[in-house]
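One structure below.
Numbering (the numbering used here), first residue to last: 2 to 290.
Put into structure tokens, the structure is as follows:
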């Protein structure tokens, strides 16, 4: 490898650690309100599904609907959502699919508090818990028809064990639907490997969780899932968010230099780089017993 290129990569990486520190330290707070600056007063926080839209809230709703439709939510669904953010998707699923029962688990106390206010305001019955993804370990066997996780699973450590617990708490014919990041292949050189590891560290994503799709499917099979379907959403999620954010940021000239933007401009640039080098892809993954 060219020594200068490697040194340049190291320098960029070190600078990025300082410039995007907020990106790592405040992943699960309420800072994503800056992505929701509109009269609608929603508070979405996922990357969105950007087919035929340039509106953030519409894109986020489309991603939540895509997950719900893949799962087959209906008025008999008893679902648990792992990583529900501020609760926008819970309200959407309640209103659109009239789901029978909602349980939610989320790591941010601030987000859980806001979600609880929302469901109370809309008279939605839901059990929301401030805990991490391992909360599934405490749920009784065969408790839910659906387990959903939108834009969160790539943060979970011990995912192999998580899959096994997910299967345990699903009822017969139950479905798990998640969106997750997977590698199409291993990085081709040391510089790519270094930058990707740095990027994952900044995002708080455990490196061991980022595996190829084949290995992902093997983990699901070893956990006991027998029916697995996958769909590559990279174009309409990763590319969509990366293309939208700069235009959106520019529309708020008075806020363009606000430090809070670093978290999201860093995300957009990272997604563009990962796609350019085809190091990570964004998948919808459905697994059934």
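Beta carbons: idealized from backbone N, C-alpha and C, even for Gly.
- Note that the C-beta distance between residue 234 and residue 283 is below 7 Å.
- Contact check between the stretch 144-156 and the stretch 78-85: three or more CB pairs, one atom from each, fall below 8 Å, which counts as touching.
- With fewer than 16 other Cβ atoms inside 10 Å of its own Cβ, residue 222 counts as exposed.
- For residue 50, there is no enclosing beta strand (DSSP E), as DSSP marks it with neither H nor E.
- For residue 164, the uninterrupted alpha helix (DSSP H) run begins and ends at 160-170, by DSSP.
- Short of 7 Å from the beta carbon of residue 144, and not among the five residues preceding or following it, lie these beta carbons of its own chain, in chain order: 170.
- By a beta-carbon distance limit of 8 Å, residue 46 contacts residue 33. Their separation comes to about 4 Å.
- Across the structure, residue 102 and residue 254 are spaced so that their CA atoms are roughly 43 Å apart.
- By the Cβ rule, the stretch 178-185 does not count as touching the stretch 132-142, because fewer than three pairs are nearer than 8 Å.
- Apart from the 5 residues on each side of it in sequence, residue 238 sits with its Cβ closer than 8 Å to the Cβ of 48, 49, 50, 51, 64, 180 and 283 in its chain, given in chain order.
- One alpha carbon belongs to residue 252, the other to residue 98, and they sit about 35 Å apart.
- Within a 10 Å sphere around the beta-carbon of residue 139 sit fewer than 16 other beta-carbons, which makes this residue exposed.
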